[in-house]
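Here is the structure we will look at, set down as structure tokens.
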Amino acid sequence: MNTPVCDYLIVGGGTAGCVLANRLSADPSCRVILLEAGGPDDDKWIHIPAGIRYLLREKKHNWFYMTEPSPLTNGRSVYWPRGKVLGGSSSINGMVYIRGQRTDFDRWAASGATGWDWDSLFPYFLKIENQTRGADAYHAVDGPLTVSDRTNRSEVWTRFIAAAEQLGIPRNPDFNGADQEGVGYYQATVGNGRRCSAAVGYLRPVKGRANLSVITGAMVHHISFEQRRATGVRYEKDGHWHELRAAREVLVCGGSINSPQLLMLSGIGPAAHLQEMGITPRVDAPQLGKNLQDHLQLRLTYRLNRPISFNDQFHSLAGKVGMGLEYLLRRSGAIAYPTAQVGLFTRSLPELASPDIQYHFSNYTTDEKTGMPDRFPGMTFSVCHLRPESRGEILLRSPDPGQHPRILPNYLATPEDCRVAVEEVRLTRRLAATQPLADIVAEELAPGPDVQSDEACLDFARSNGTSIYHPVGTCRMGSDAEAVVDPALCVRGVSHLRVVDASVMPTLISGNTYAATLAIAERAADLILNTRP
Numbered sequence: 013m014n015t016p017v018c019d020y021l022i023v024g025g026g027t028a029g030c031v032l033a034n035r036l037s038a039d040p041s042c043r044v045i046l047l048e049a050g051g052p053d054d055d056k057w058i059h060i061p062a063g064i065r066y067l068l069r070e071k072k073h074n075w076f077y078m079t080e081p082s083p084l085t086n087g088r089s090v091y092w093p094r095g096k097v098l099g100g101s102s103s104i105n106g107m108v109y110i111r112g113q114r115t116d117f118d119r120w121a122a123s124g125a126t127g128w129d130w131d132s133l134f135p136y137f138l139k140i141e142n143q144t145r146g147a148d149a150y151h152a153v154d155g156p157l158t159v160s161d162r163t164n165r166s167e168v169w170t171r172f173i174a175a176a177e178q179l180g181i182p183r184n185p186d187f188n189g190a191d192q193e194g195v196g197y198y199q200a201t202v203g204n205g206r207r208c209s210a211a212v213g214y215l216r217p218v219k220g221r222a223n224l225s226v227i228t229g230a231m232v233h234h235i236s237f238e239q240r241r242a243t244g245v246r247y248e249k250d251g252h253w254h255e256l257r258a259a260r261e262v263l264v265c266g267g268s269i270n271s272p273q274l275l276m277l278s279g280i281g282p283a284a285h286l287q288e289m290g291i292t293p294r295v296d297a298p299q300l301g302k303n304l305q306d307h308l309q310l311r312l313t314y315r316l317n318r319p320i321s322f323n324d325q326f327h328s329l330a331g332k333v334g335m336g337l338e339y340l341l342r343r344s345g346a347i348a349y350p351t352a353q354v355g356l357f358t359r360s361l362p363e364l365a366s367p368d369i370q371y372h373f374s375n376y377t378t379d380e381k382t383g384m385p386d387r388f389p390g391m392t393f394s395v396c397h398l399r400p401e402s403r404g405e406i407l408l409r410s411p412d413p414g415q416h417p418r419i420l421p422n423y424l425a426t427p428e429d430c431r432v433a434v435e436e437v438r439l440t441r442r443l444a445a446t447q448p449l450a451d452i453v454a455e456e457l458a459p460g461p462d463v464q465s466d467e468a469c470l471d472f473a474r475s476n477g478t479s480i481y482h483p484v485g486t487c488r489m490g491s492d493a494e495a496v497v498d499p500a501l502c503v504r505g506v507s508h509l510r511v512v513d514a515s516v517m518p519t520l521i522s523g524n525t526y527a528a529t530l531a532i533a534e535r536a537a538d539l540i541l542n543t544r545p
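Count the sequence shown with the numbering used here and you get residues 13 to 545, in order.
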């Protein structure tokens, strides 16, 4: 049989893959094939924001990764959900929209990622957005991604904001505007009460193009090469083997876990490790899989002394009926919420140049076993260190692509990361003890009143810290010889092969990673097509 040939072969139908499929297939003479190991995004719970509670606990649309047990997490494995569906993790994420700080991207450029500074990326952030508040100096309205403000309000949220202001944290109406620091309401990738994933915003409008093919359920086993040129892939679907060839480029968009895994399976990576796995090295890339970074979140929970939380609404018949009617009639209310509605960005030390702590604050608590809201009124402070120093790695577990790779995040490996974790506990307690928030607190549930010393606070972080689902960095871009990809995102040591996803970030940005990944893919499309925004 003749091997099907396209111009661009995209491996991974997640956030970046959907962007590339849209932008590269805009030229009707250009043939594009998108391969996705997961299925189509036709589950209703993907598109209803409240469905995230289901999506984070099932394996149909979720790779459901677990990190390796580590003494740094007191022997625990940590759960890492990643999307296994068109749209990737943008189809199962918390829908909070944060670009990051200008200095995050300027730091990339200074480290050797030439052309990835804030001024170069800002036009792409505008290109992304369809901002419901309207266009201004920081936002645009013509992009494929709907970004909206929360219109509902909760007494618990307003008390949190007022308490933060009492502590001297300024009110911020736009975390994606002139300055990130402050407290306020998050913007969300939700439009008319529906999740706006990359599949919805970028892929769905163009799936009818004759020059674009989308193949789901396609597990890519390795990239094919002729000498040092990437020529295509070999993949498995429904128990049958298939091969595809790319006349121009193979574009790997598997994310920070699957992209390094696929490159290693294809012979690109640390030579000694590949040989241990029985894989013949094609390119010795010692840094592939290294530089892994993630935001470790601490969840501090409180029982409230009155029934004003989402917990109470959820467990009330009248509350459930009200939520359902509000969503059906207005596409608003709790069913249309992102996972966190209120945010806070602040500094762990006053002398820091910019915020290094982020809060996702929610007017509910959840039962760990069921994932459902507790049967008592509660609130949750989810807090993370924005720029962790700790670095981990991804390693193969076996040469079988169906086997999950080994994930070693190395959380809390440096004194600075430990210091910030302790400060997160102490700052949260100051917030909870400040009026008007203090007036509704009945008791601290986690970490609890027995946890007081710095050592005990750090032990709480090691025993209870979880991922907030922002892994980056495992295919680091840069200008140095050890960078996995160059500033054009081309894989070093081979040709006609690029990586386009969050794995190329040299360092973690200060916030949620969805918007930055979209911007990376938008700029990558222009690099591939040799155009400018």
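The C-beta atom is built at its ideal place from N, Cα and C for all residues, glycine as well.
Please read these numbers as outputs of a predicted model, since none were measured by experiment.
Quick check on the burial criterion: 16 or more other C-beta atoms within 10 angstroms. Buried or exposed for residue i?
{"i": "S41", "result": "exposed"}
{"i": "N542", "result": "exposed"}
{"i": "N204", "result": "exposed"}
{"i": "N317", "result": "exposed"}
{"i": "T163", "result": "exposed"}
{"i": "L329", "result": "exposed"}
{"i": "G220", "result": "exposed"}
{"i": "P518", "result": "buried"}
{"i": "P319", "result": "exposed"}
{"i": "P217", "result": "exposed"}
{"i": "G301", "result": "buried"}
{"i": "S491", "result": "exposed"}
{"i": "M13", "result": "Reliability fails at M13, whose pLDDT of 45 lies under 50, so the model's placement of it is uncertain and no value is given."}
Measure how close the beta-carbons of residue i and residue j come, nearest whole angstrom, since I'm counting them as under 8 Å.
{"i": "H285", "j": "L420", "result": "12 Å between Cβ atoms; not a contact."}
{"i": "R11", "j": "M335", "result": "The chain is shown from 13 up to 545; residue 11 falls before or after that span and cannot be answered."}
{"i": "F76", "j": "P93", "result": "6 Å"}
{"i": "E193", "j": "F357", "result": "5 Å"}
{"i": "S366", "j": "S515", "result": "No, S366 and S515 are not in contact; Cβ-Cβ is about 24 Å, not under 8 Å."}
{"i": "R111", "j": "N184", "result": "The Cβ separation is near 13 Å, so there is no contact."}
{"i": "T201", "j": "Y109", "result": "5 Å"}
{"i": "Q304", "j": "S344", "result": "Sequence inspection shows Leu at residue 304; the Gln mentioned does not correspond to that position. Contact doesn't hold; Cβ gap of about 38 Å is too wide."}
{"i": "S102", "j": "Y526", "result": "6 Å"}
Going by DSSP, what residue range makes up the alpha helix (DSSP H) through residue i?
{"i": "E167", "result": "167–178"}
{"i": "G267", "result": "267–277"}
{"i": "N34", "result": "27–36"}
{"i": "N142", "result": "Per DSSP, N142 belongs to no alpha helix (DSSP H); it is in the beta strand (DSSP E), 141–143."}
{"i": "D538", "result": "526–541"}
{"i": "Y66", "result": "64–67"}
{"i": "D116", "result": "114–122"}
In three-state terms, what does DSSP make of residue i?
{"i": "V97", "result": "strand"}
{"i": "W92", "result": "strand"}
{"i": "M335", "result": "helix"}
{"i": "R207", "result": "strand"}
{"i": "E435", "result": "helix"}
{"i": "Y214", "result": "helix"}
{"i": "I22", "result": "strand"}
{"i": "M13", "result": "Only weak support is given to the placement of M13: the predicted model assigns it a pLDDT of 45, under 50, and the value that follows is read from those uncertain coordinates. Looking at M13 - three-state DSSP - the assignment turns out to be coil, as it is neither helix nor strand."}
{"i": "H285", "result": "helix"}
{"i": "Y376", "result": "coil"}
{"i": "C469", "result": "helix"}
{"i": "W75", "result": "coil"}
{"i": "C42", "result": "coil"}
{"i": "Q464", "result": "coil"}
{"i": "Y150", "result": "coil"}
For residue i, tell me which candidate among the options has the shortest Cα-Cα distance.
{"i": "T378", "options": "K219, S394, R165, A190", "result": "S394"}
{"i": "A3", "options": "G251, V245, S268, H252", "result": "Lying before the first or after the last residue shown, residue 3 is absent from the chain, which here runs from 13 to 545."}
{"i": "P81", "options": "N74, H73, V90", "result": "V90"}
{"i": "A425", "options": "C265, L84, R65, L449", "result": "L84"}
{"i": "F472", "options": "L337, T446, V437, A493", "result": "V437"}
{"i": "G279", "options": "N303, Q464, H234, A147", "result": "H234"}
{"i": "Y20", "options": "S225, W253, I58", "result": "S225"}
{"i": "H252", "options": "E238, M231, Q239, G267", "result": "M231"}
{"i": "L520", "options": "I227, E435, C396, L361", "result": "C396"}
{"i": "N223", "options": "A495, L36, L443", "result": "L36"}
{"i": "T486", "options": "P427, S475, G404", "result": "G404"}
If you follow the beta strand (DSSP E) that residue i is part of, which residue opens it and which one closes it?
{"i": "Q239", "result": "Here Q239 belongs to no beta strand (DSSP E), and DSSP marks it neither H nor E."}
{"i": "S225", "result": "224–228"}
{"i": "R260", "result": "252–264"}
{"i": "L312", "result": "308–316"}
{"i": "F3", "result": "Nothing in the structure corresponds to residue 3, since the chain is present only between 13 and 545."}
Tell me, please, whether the CB atom of residue i is closer than 8 Å to any CB atom in chain C?
{"i": "N105", "result": "In the structure shown, chain C cannot be found, because there is only a single protein chain."}
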